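Novice:
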Amino acid sequence: MADTNLVDLAIKASQKAYVPYSHFPIGAAVRTKEGKVFTGCNIENASFGLTNCGERTAIFKAVSEGFTEFDEIAIYGTSEEPISPCGACRQVMAEFFEPSTQVTLISKNGKTLVTTVQDLLPYSFTNLN
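Here the sequence shown is numbered in our numbering, starting from -12 and rising by one per residue.
(1) What number of angstroms, rounded off, separates the C-alpha of residue 22 from the C-alpha of residue -3?
(2) Look at residue 17 and residue 42 and say whether their C-beta atoms are less than 9 Å apart.
(3) Candidates 20, 60, 79, -10: which alpha carbon is nearest residue 39's?
(4) Since residue 25 is in the alpha helix (DSSP H), which residue starts that stretch and which ends it?
(5) Spatial neighbours of residue -11 within its chain, please: CB distance less than 7 Å, with the 5 preceding and 5 following residues excluded, ordered by chain position.
(6) Determine the direct distance from the alpha carbon of residue 85 to that of residue 113, and round the result to whole angstroms.
(7) Flag this pair as yes or no: are the beta carbons of residue 154 and residue 58 separated by less than 9 Å?
(8) With DSSP as the reference, identify every bridge partner of residue 57, one or two as the case may be.
(9) Under the three-state reduction of DSSP, which class applies to residue 64: helix, strand or coil?
(10) If you draw a straight line from the alpha carbon of residue 35 to that of residue 9, how long is it in whole angstroms?
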């Protein structure tokens, strides 16, 4: 079951997205194992390779504050179906999250899909490989 507080925070984070090119805001909220929550939004750049996704923004904010263990993430996008994280975000999640970590994906109409990091990126490359 999705943590409704994380879902609400992910939706709220999307309102801060800097998306002058795609006009496709993404918000994310990640909870550490200590219970601290970090939010993030996507931040675009004219050089699209320099764009950062909301998921990575939230995770990197937490890591930059010394938190590297997480127990859940919620990701919101203005898509018709629950948003799907890009490959780079999936790999970052595989780096810091346990395979069974809950991932809640949310669409603009509130439809959710609850999954895990393992389901999003099976056979991921990790430091254990």
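Virtual Cβ for every residue (Gly too), placed ideally from N, Cα, C. Everything numeric in this text was worked out from a predicted model, so none of it was measured.
Specialist: On the basis of the coordinates in this document:
(1) On the sequence shown, residue 22 is found 35 positions in, with the first residue counted as 1. On the sequence shown, residue -3 is found 10 positions in, with the first residue counted as 1. In a straight line, the C-alpha of residue 22 is about 16 Å away from that of residue -3.
(2) Position 30 of the sequence shown, counting from 1, holds the residue named residue 17. Position 55 of the sequence shown, counting from 1, holds the residue named residue 42. For residue 17 and residue 42, yes; Cβs fall inside 9 Å.
(3) Taking the sequence shown and counting its residues from 1, one reaches residue 39 at position 52. The shortest Cα separation from residue 39 among 20, 60, 79, -10 belongs to 79.
(4) Residue numbering aside, residue 25 sits at position 38 when the sequence shown is read from its first letter. Unbroken run through residue 25 is the beta strand (DSSP E), 24 to 28; no alpha helix (DSSP H).
(5) For the purposes of this step, residue -11 is taken as residue 2 along the sequence shown, with counting starting at 1. Result list for residue -11: 61, 91, 99, 101, in chain order.
(6) Here the question's residue 113 lines up with position 126 in the sequence shown. Here the question's residue 85 lines up with position 98 in the sequence shown. If you take the alpha carbons of residue 113 and residue 85, they lie about 11 Å apart.
(7) Since the displayed the chain opens at -12 and closes at 116, residue 154 lies outside it and no answer follows.
(8) The residue you call residue 57 lines up with position 70 of the sequence shown. Looking at the DSSP assignment, residue 57 forms a beta bridge with 19.
(9) Counted from its first residue, the sequence shown places residue 64 at position 77. The answer is strand: DSSP assigns residue 64 an E or B state.
(10) By 1-based counting over the sequence shown, the position of residue 35 is 48. By 1-based counting over the sequence shown, the position of residue 9 is 22. So the alpha carbons of these two residues sit roughly 10 Å apart.
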